[in-house]
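Residues in the sequence shown are numbered consecutively from 2, following my numbering.
In what follows, a structure is listed as structure tokens, so that the remarks can point back to it.
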Amino acid sequence: MNHHRLPLLPVLATILGLALFSIMDGVMKAASLVLGAYAAMCWRGFAASLIMLPVWLWRGQGWPQWSTLRVHLLRGCVASVMATLFFYGLVRLPMAEGIALSFIAPLIALYLAALLLGEKVRASAIGGSVLALAGVVVIAMGQFSASGDVEVVKGLAATLVSAVLYAWNLVLQRQQALLAKPEEVAFFQALVQFGFLGLGAWWLAPFPTGEVWWLLVISAVLSAASLMLLSWAYGRAEAQVLVPLEYTAFIWAAIVGWIAFAEPVTPTMLVGVSLIVAGCLYATRKVPPVLPEAKPLG
Numbered sequence: 002m003n004h005h006r007l008p009l010l011p012v013l014a015t016i017l018g019l020a021l022f023s024i025m026d027g028v029m030k031a032a033s034l035v036l037g038a039y040a041a042m043c044w045r046g047f048a049a050s051l052i053m054l055p056v057w058l059w060r061g062q063g064w065p066q067w068s069t070l071r072v073h074l075l076r077g078c079v080a081s082v083m084a085t086l087f088f089y090g091l092v093r094l095p096m097a098e099g100i101a102l103s104f105i106a107p108l109i110a111l112y113l114a115a116l117l118l119g120e121k122v123r124a125s126a127i128g129g130s131v132l133a134l135a136g137v138v139v140i141a142m143g144q145f146s147a148s149g150d151v152e153v154v155k156g157l158a159a160t161l162v163s164a165v166l167y168a169w170n171l172v173l174q175r176q177q178a179l180l181a182k183p184e185e186v187a188f189f190q191a192l193v194q195f196g197f198l199g200l201g202a203w204w205l206a207p208f209p210t211g212e213v214w215w216l217l218v219i220s221a222v223l224s225a226a227s228l229m230l231l232s233w234a235y236g237r238a239e240a241q242v243l244v245p246l247e248y249t250a251f252i253w254a255a256i257v258g259w260i261a262f263a264e265p266v267t268p269t270m271l272v273g274v275s276l277i278v279a280g281c282l283y284a285t286r287k288v289p290p291v292l293p294e295a296k297p298l299g
């Protein structure tokens, strides 16, 4: 009875967090069009580090132990490459399409769990993967028929590689959440992002000037706010309730893309994202943790 009721505040916090993330994606797309994805990510990391430093000092627990710091470093580097590739792709694709392609990440995470943790790949995961792959093909074919541009091919490839890294990021995120508070996670992710991408800043990320800084600062604030909202929500409701809400990001991305960049939502895109979402839901619905009420016999 009560366990069937939705936890309203965590659900609302998740939806708001995902909406802010989509707005942030739009702001970062605008910044990437001006600076390039690498430079935009590098200097957003700088801005986010400055914003999160006082929050971490106020709410944090001091300098983390090496075992925790190692996870911060690994996830920060993985997330930096992942996000840079994603925004590289987003510059070349409609926002809703980029988000739709990223939805294959949960499926990839199932295979990563099998590879890294020795978990068995279920038949439902294989069936879901086939559905999702069909969705990716539909979206790609829609892009190829609309434009055979090489830049579109680059965008599709970058977004799909980003989705693979995002799946790894999901595994690291779970590990990181057990070791550190959200404020510490947000600060070190921004700091590692700036430090990692800063290695190539001399050649690839010249110091920004003018109004583009406002885009970077707004993006950093939106990213931090979204992370806090999602961390708060996931601490107060089961993942099985909140994870399906991730697919609302497609709606927000479509709205932001339409308003900010006049990007249409095509029928092939809707068919493709429907197949991807259906594949993900089919692959994950039979996982044992999703059915906590089941009891062993005997």
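Virtual Cβ for every residue (Gly too), placed ideally from N, Cα, C.
Every value quoted in this text rests on a predicted model; they were computed, and no experiment measured them.
To the nearest whole angstrom, what separates the beta carbons of residue i and residue j, a pair I think is in contact under 8 Å?
| i | j | result |
| --- | --- | --- |
| ALA234 | ALA187 | About 15 Å separates the two Cβ atoms, so there is no contact after all. |
| SER103 | THR15 | With 8 Å as the limit, SER103 and THR15 do not qualify as a contact, their Cβ atoms being about 17 Å apart. |
| SER33 | ALA41 | 5 Å |
| CYS43 | PHE195 | 6 Å |
| ARG93 | VAL172 | Not quite, the Cβ-Cβ distance comes to about 28 Å (not below 8 Å), so this is no contact. |
| LEU166 | MET96 | Not confirmed; about 19 Å, so no contact. |
| SER130 | ALA261 | Rounded, the Cβ-Cβ distance is 33 Å, inconsistent with contact. |
| LEU223 | TYR39 | The pair is not a contact, with the Cβ atoms about 20 Å apart (cut-off 8 Å). |
Could you give the first and the last residue of the continuous alpha helix (DSSP H) run that contains residue i?
| i | result |
| --- | --- |
| VAL153 | 151-178 |
| GLY236 | From DSSP, GLY236 is part of no alpha helix (DSSP H); its letter is neither H nor E. |
| GLU19 | For the sequence presented, residue 19 should be read as Leu rather than Glu. Unbroken alpha helix (DSSP H) run through LEU19: 9-36. |
| VAL257 | 250-262 |
To the nearest angstrom, report how far apart residue i and residue j are at their CA atoms.
| i | j | result |
| --- | --- | --- |
| PRO293 | LEU36 | Confidence at PRO293 is low in this model, with a pLDDT of 43, below 50, so its placement is unreliable and the value that follows should be read with caution. If you take the alpha carbons of PRO293 and LEU36, they lie about 48 Å apart. |
| PRO183 | GLU264 | 34 Å |
| ARG123 | LEU180 | 29 Å |
| GLU247 | LEU217 | 24 Å |
| TRP203 | VAL56 | 29 Å |
| ALA133 | ILE105 | 7 Å |
| ALA254 | ILE24 | 7 Å |
| VAL193 | ALA221 | 14 Å |
| LEU54 | ALA80 | 19 Å |
| GLY199 | LEU282 | 38 Å |
| LEU51 | VAL274 | 37 Å |
| ALA126 | LEU17 | 29 Å |
| MET270 | VAL139 | 7 Å |
| ILE277 | GLY63 | 42 Å |
| ALA238 | VAL12 | 8 Å |
| LEU157 | THR85 | 14 Å |
| TRP67 | PHE197 | 18 Å |
| GLY119 | LEU108 | 16 Å |
| PRO209 | MET29 | 14 Å |
| ALA115 | GLY128 | 16 Å |
Applying the 10 Å Cβ sphere with the 16-neighbour rule, what's the burial state of residue i?
| i | result |
| --- | --- |
| LEU9 | exposed |
| MET142 | exposed |
| VAL151 | exposed |
| PRO207 | exposed |
| SER163 | buried |
| LYS121 | exposed |
| GLY77 | buried |
| ALA295 | At ALA295, the pLDDT of 43 sits below 50, so the modelled position is not reliable; the number obtained from the coordinates is stated separately. It counts as exposed. |
| TRP169 | buried |
| GLN176 | exposed |
Ignoring anything shorter than 3 residues or poking outside the segment 65-120, list the beta strand (DSSP E) runs there in chain order.
none
Start-end ranges of the alpha helix (DSSP H) lying completely within the segment 181-220, minimum 4 residues:
The qualifying runs are 183-199 and 202-205.
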